[in-house]
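Trainee: In the order they appear, the protein sequences are chains E and F.
The working numbering applies: residue 183 is where the first sequence begins, and numbers increase by one.
The working numbering applies: residue 163 is where the second sequence begins, and numbers increase by one.
Think of the CB as a built atom: it goes at the ideal place given N, C-alpha and C, for glycine as much as any other residue.
Just so we're clear, the structure is a prediction, and the values are computed from it rather than from any experiment.
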Amino acid sequence: MPAPEQFRLIFKHIDEPGYTNDLACYVRNGGYEVLKKSVARKPEELVDEVKKSGLRGRGGAGFPCGVKWTLLDRKSGKPIYLVVNADESEPGTFKDRYIIHNDPHQLIEGIMITCFANKVERAYIYIRGEFPEGARILEKAIAEARAANFCGPNILGTGYGCEIYVHRGAGAYICGEETGLIESIEGKRPYPRIKPPYFPAVLGLYQCPTIVNNVETLCHVKHIADRGGEAYSKIGTPNNTGTRILCVSGHVQRPGYYEFEVGKITMGQLLFEVCGGPLPGRTFKAVIPGGSSAKVLKFGERYKGKRKSGAEMVEYDWGLEDIPMDFDSLAMIGSMGGSGGVIVMDDSVSMVEALANINAFYSHESCGQCTPCREGSLWMKKITSRMVHGEARTEDGALLKSVADQIAGRTICAFGEACAWPTQSFIAKFGDEFKAYPEAKKAPRAAAAPELV
Amino acid sequence: MIQPASPDLITVNVDGKEIAVPKGTNMIEAARRVGVDVPHYCYHSKLSIVGNCRMCLVEMGMPAVDPASKAPVIDPATGKQRVNWSPRPTIACATNASPGLHICTTSPMVKECREGVMEFLLINHPLDCPICDQAGECKLQEQSTGYGRGYSRFIEQKNVKPKRTLLGPRVMLDDERCILCSRCIRFSKEVAKDDVLGFVDRGSYSTLTCYPGKKLENNYSLNTVDICPVGALTSTDFRFKMRVWFLKQTNSIDTETSVGVNTVVWSREGVVYRITPRENGSVNDTWMPDSGRTLYKQIREGGRLEAARVSGSVADLESAVKAAAALISGAKVAVVGSGRSSVEEQFLTRKLAARAGAEAYLVSRVGQGDNLLVSTDKNPNVRGALVTGLISELPKPSLGALGERIDSGSVTTVVSVGEDLLAAGLSASQLAKVSIVYLGTHDNATSGLAKVVIPTLTVFEKHGTFVNQQFRIQRFAKAVPGPSGSSDDLVVLSKLLSAAGGEALGADVGSLWPSIASEVPALSTMAYSNIPDTGLLLDSSPWSTLAFAEEATLHFKPAAAAPKEAPRG
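1. Ordered along the chain, which non-local residues of its own chain (more than five positions away) have a Cβ less than 8 Å from that of Lys-219(E)?
2. By alpha-carbon positions, which one of Val-524(E), Lys-490(E), Tyr-373(E), Ala-468(E) ends up nearest to Val-212(F)?
3. On the DSSP bridge list, what partners appear for Ala-268(E)?
4. Please return the same chain residues whose Cβ sits closer than 8 Å to the Cβ of Arg-405(F), not counting the five positions on each side in sequence.
5. Considering Cys-429(E), what are the terminal residues of the beta strand (DSSP E) in which it resides?
6. How do the stretch 419-432 of chain F and the stretch 532-552 of chain F stand: do at least 3 beta-carbon pairs fall below 8 Å, yes or no?
7. Going along chain E, which residues have a C-beta under 7 Å from Glu-279(F)?
8. For the candidate residues Tyr-388(E), Leu-254(E), Arg-426(E), whose alpha-carbon lies nearest to that of Glu-187(E)?
9. So Ala-538(E) and Met-569(E) are supposed to be a Cβ contact under 8 Å. How far apart are they, rounded?
10. With a cut-off of 8 Å, does the C-beta of Gly-422(F) fall near any C-beta of chain E?
11. Taking the straight line between their C-alpha atoms, what separation do you get for Gly-292(E) and Val-403(E)?
12. What's the call for Ser-526(F), buried or exposed, on a 16-neighbour Cβ count within 10 Å?
13. Could you give the distance in angstroms between the alpha-carbon of Thr-392(E) and the alpha-carbon of Asn-446(F)?
14. Return the first residue and the last residue of the beta strand (DSSP E) that Pro-225(E) is part of.
15. Report the rounded CA-to-CA distance for Val-573(F) versus Phe-633(F), giving the unit in angstroms.
16. Strictly under 8 Å for the Cβ-Cβ distance: is Arg-557(E) near chain F by that measure?
17. Going by the CB atoms, is the gap between Asp-528(E) and Phe-466(E) shorter than 8 Å?
18. For the stretch 251-283 of chain E, enumerate the residues whose C-beta is nearer than 7 Å to any C-beta of chain F, in chain order.
19. Is the stretch 247-261 of chain E touching the stretch 379-393 of chain E in the sense that three or more CB pairs, one from each, lie closer than 8 Å?
20. Leu-674(F) and Leu-652(F): beta carbons closer than 8 Å?
21. Using a C-beta to C-beta distance shorter than 8 Å, which residues of chain E count as neighbours of Ala-233(F)?
22. Measure the C-alpha to C-alpha separation of Arg-328(E) and Asn-336(E) and round it to an integer number of angstroms.
23. Going by DSSP, what residue range makes up the alpha helix (DSSP H) through Ser-306(F)?
24. Give the secondary structure of Cys-346(F) by DSSP, where H, G and I count as helix, E and B as strand, and everything else as coil.
25. Using a Cβ-Cβ cut-off of 8 Å, state whether Ser-548(E) counts as contacting chain F.
26. Which residue marks the beginning of the alpha helix (DSSP H) containing Glu-277(F), and which one marks its end?
27. Would you verify that the beta carbon of Phe-282(F) is, or is not, closer than 8 Å to some beta carbon of chain E?
28. Relative to the alpha-carbon of Leu-457(F), which residue among Val-621(F), Asp-695(F), Arg-348(F), Leu-479(F) has its alpha-carbon at the smallest distance?
29. Using a beta-carbon distance cut-off of less than 9 Å, what residues from the stretch 316-338 of chain F approach chain E?
30. Are the C-beta of Gln-588(E) and some C-beta of chain A separated by less than 8 Å?
31. Report all residues from its chain with a CB closer than 7 Å to the CB of Gly-516(E); omit the five preceding and five following residues, and keep chain order.
32. According to DSSP, Leu-171(F) sits in a beta bridge with which residue or residues?
33. Anyone know if the C-beta pair for Asp-269(E) and Leu-205(E) falls short of 8 Å?
34. What are the start and end residues of the beta strand (DSSP E) that includes Phe-400(F)?
35. Which parts of the stretch 576-626 of chain F are runs of the alpha helix (DSSP H), unbroken and 4 residues or longer, counting only runs that do not cross its ends?
36. How many angstroms separate the CA atom of Ile-490(F) from the CA atom of Ala-470(F)?
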C-alpha cells in the first residue's frame, strides 16, 4: 500500500520559498484571522471546540487537551496561567524548534486563542536554554504581535488582554516535566512536585491553576478554532485526531520532519517509502518510535492481540512495519507515540553501545530529587559504560534489567519511566546481544563491518 | 486548656487491622497507630512533605464501588466489600487517609520496593559505619537491616563528594554520606527561617552545601544534626566523643528560658555527653536551641563548689546547716529564691521563708527572645514560684527593694538559693551589712562573701519539676550523680527547715509531693509520678492579671488579657 500524502497543517508554510518568520509574512498568509474570529466568540465555545476535536497533547503523554482544560480549578478566584512547554529536550525530537524558528506567530496565535478560551491573562513560554536563537525569535515575534495589538492589553479592541513572556531555561531535560518546569519559572531548582497534591490544574504556577501545553498542541488549537472541533476530529483516526509531526532521525535515507494524519501511516510506509529505506547495504535493526524514552521496537518482531475497532474487538497480527503511527496502537504494542521522535537504528549499531549512549543522557539529566531515578540512572550508566569499555560481564544484562525494574513506577515524576524503559526494552528485545557482548567485545572488529556514520 | 473540637474520624485498614484516625492523617501516622512501621527518611512530621526518598512506598486500595449505581461491590467469597488495589505503589507520607482506605505494607511488591530503595541509597554511600558518628542511631543502618537485601550487586566506582565540610561553628557535613532527603534544608527554611542550605549539582552528584558566603550558624543549627537520618551532619561538639549505644538517656528540661524545651540528656558513667530535644508537640515539637545543648558543660566547669564552708573553713553538711540555722533563728531574714529552682525546691524555700518570717524575693532575668524556642524570660520556673506561693507577684528587675531594707537595718540575714546577689542588684557594701547563707553549685561573688556556703546540684544531677510559660508542669530527672561534697537542694533545704525549727518534710521529690499536693492548691490533685512525660497544663487563671514578660514563641501566645505594664525598678 503506498504511503499517504503528507497532511501539512502545522508545517503548512514551513518549507515554502520566501516564507519568513515575521509578522507581515504571517499576516499575508492569513495569519491572526482565526484569532480575530475567535475573540468574537464565547470562551466556553472555544473550550468546547477543543473538547470535541479530541486533540491529544503532543508533548509525549498524549493526554486529551480538552480534558486538561476542564480540570482547571476555575472557582479558586486565583489567576489562571498558561505555560507553554517549549523545553523540547527529548532526544530525537525537533518539531517545536522548527515551529518556533520558522513560524513563531502560529504559536503566538495558538497561545492567544487558548488564553482567551481559558480567561488567562499571563502566559509564559518556557524555552530550553539551548534555543537562544528561538528565544530571540519569540521575543521579536511577541513584540511584533503586541505592536499589532494581537497580544498585550485590550487585544483587537475586545477589552481582553494577555501578556506573553518568554522564560529561558538553563538547559535541563527535567524542565520539560510540567511541575519541574513550573518550579523553574518560579526561580527554584526544577524538582518535579508530588502529585497529589500539586496538580498544575489546581496548584500550578505560584500555586495558581495552570495549563501546561506543548508548542505543537497550542498550534493545533489554532486550527481547531479555525476549522471547528467537529471538522478537526475528522482528520486522523478516531481517538487519535489531527495531524502529527514525526521527526525521523538515524539510519534512513531521508531523515527529517514529516507531518501526517495521525494513524493514517504505518511505520513501514514511513521508514521505507517516505524516508527512503535503510542506507545502502544496510538493514533496519530497531526503531524507537517516540523519543529516546519510548520502548525500542525490533524489526522482525510480531505483535499479536486484540484491539478495538469501532465498537468491536478485532484480532491483530502486525509486523513492525504494519504498526499505525498513532498513540493507541503504539501503546498497545508496548511502546508509545511519545513526542514523535522516531529514531532508527540499522544493523551497524551495537545495542549495548546505543543503550550506553541513552543511559549517559538520562543519568546526566536526572534531577536527583528522588532516590530510584537519581541512583538508578547513574548506576545503569556506570554498568553500560563499563561494558563498552571492555569490562562487560555476561550477567550485566540481567543486572541492568533488575536495576531498571526498581526505578519505573516508583518515582515522583515520569522521568523514572523515561530512564528505565530504554534499558528494560533493550534487554527484553536484544538480551542475547547483551549476553554475547563480553565475547563480541574481545573479538576484533571484522574488516568488512561498516563503520558508524 | 481548651480541647480542640473532636476531629472527624475516619476508618482505615492497615494490614488487615482497622483503625479510626482523624481526617488528614497521612498513611505513615495511621500505620503508626496500629503499630505498623512504615520506613522513611525524608518524611518528618514537623516539616513539609517532599516525598523524595521513596522508602515509604506502600500498596493502596480503595473499597470497590459500582461505577453506575455507586453501590459497594461485595466479594462473594468473603461477603465483604471488595478492595481495588492500585497497581502502582504509593508514597505513604504524601497520601492522606480517606474513608475506607486500605494500606498494605507486607506485600511482595512493597518488600521489593524497599529493597530497591535501600540498595540505591547504599550504592554511593561510603559504608564507613565503623568510623561514623551516626552508627547506632542511623536510619540507614536500621532500615537496611530491617528492609534491605543484605548484599550488594554494585561493583562500579562510588561517587566522590566533599568530606568534612564545616557548615557552621557547630555542624560538620560529610556529603558522601548524605542521602539527599532535604530534611535539613526544609528545617532551615521552614522552622529556623534561615534559608542557608541547598543542593548544588545534579542527579546522583547533587551535593548539600551552604549558600556561598553564609554559614549555618543560627541558634537552631544542631537540629539539622538531630533530624539527619544518616551521618552526613554531625555535631562538632559531640563528634567522636562517644558511641551512642553506650549512652544512657534521661528526660530533662532545657533551663535556659521559660519555654521549657523537653530534652534528653545522654550520659555514661556519670558524664554527660550531649543534650538533644525530646518531642513535645505542645511545647517544642522536636526542636531545641543550640544554646541549650551546651548547658551540661556547667557540670564539669571550673568553680564548682566542692565542700560546705562555714566562715571560710570547710565543714560537713550537718555543721553547715546548723551554722546556717543559727544565722536564721532570731534574725531578721530575707530569702532570695530562684526562678531556676525546681517547684519542689521553691516549695521548701517558701516554707523556710515562712518559718523565718522572711520576705521572699526572686531574681528577674528578662532578656532577648527569638520568638521560637528562646523566650524573653531566662528563668525556667518563675511560674513555679507563683504556683508554690513563694512569690505572689512577678519579680522586679532588680533587688533594689531588698537593698533598701538592708540599708535600713530591717534585714540582717539573707538566704540565697543559688543566686548571685551582686549580679542581682545588691551592692558589696549592702552585702557587707548582712550574714549570707548561700546554697549553690558554683563559686561566685556572693559565695565568696557568704558566712555559710552549701554546695548543691545542677539540674542534671537531681529530680524535680518546672512550670513553663504555658503553666505546664514538666518533670526532669537525674542523669548523673552530683560531685562528692555537694548535696541535693531538697536535702539541704529540708534540713535547714527543720534545723530552723520548722516541720520535718521529705527530702526527695517522692516523699515531698504529698505535702506539696496538700498545700499548693494548683497541684492538689497531682502526684509526682502521675505527671506525664510531656507535662501537665495547670490552671493559670489565678495569675491571669500578671503581666508576664514573654512574647509569643512556637506554641505559646501571651495572654491578651494581661495589660503590658511598664517595667518598674
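Mentor: Taking the coordinates as given:
1. Ala-407, Asp-408
2. Tyr-373(E)
3. Ile-309(E)
4. Ala-297, Gly-298
5. 425-432
6. yes
7. A small correction: the amino acid at residue 279(F) is Val; Glu does not occupy that position in the sequence shown. Within chain E, the residues near Val-279(F) are Thr-553, Pro-554.
8. Arg-426(E)
9. 7 Å
10. no
11. 6 Å
12. buried
13. 38 Å
14. Careful: Pro-225(E) lies outside any beta strand (DSSP E), inside the alpha helix (DSSP H) at 225-235.
15. 33 Å
16. Going by the sequence as given, residue 557(E) is Glu instead of Arg. Output row for Glu-557(E): interface = yes.
17. yes
18. none
19. yes
20. yes
21. Those do not exist, as Ala-233(F) stays about 26 Å from chain E at its closest Cβ, beyond 8 Å.
22. 10 Å
23. 301-309
24. helix
25. yes
26. 270-285
27. yes
28. Val-621(F)
29. Phe-316, Ile-317, Glu-318, Gln-319, Asn-321
30. Checking the listed chains, one finds no chain A in this structure; the protein chains it contains are E and F.
31. Lys-477
32. Pro-184(F)
33. no
34. Premise fails: Phe-400(F) is in no beta strand (DSSP E) and is neither H nor E.
35. 590-594, 607-611
36. 17 Å
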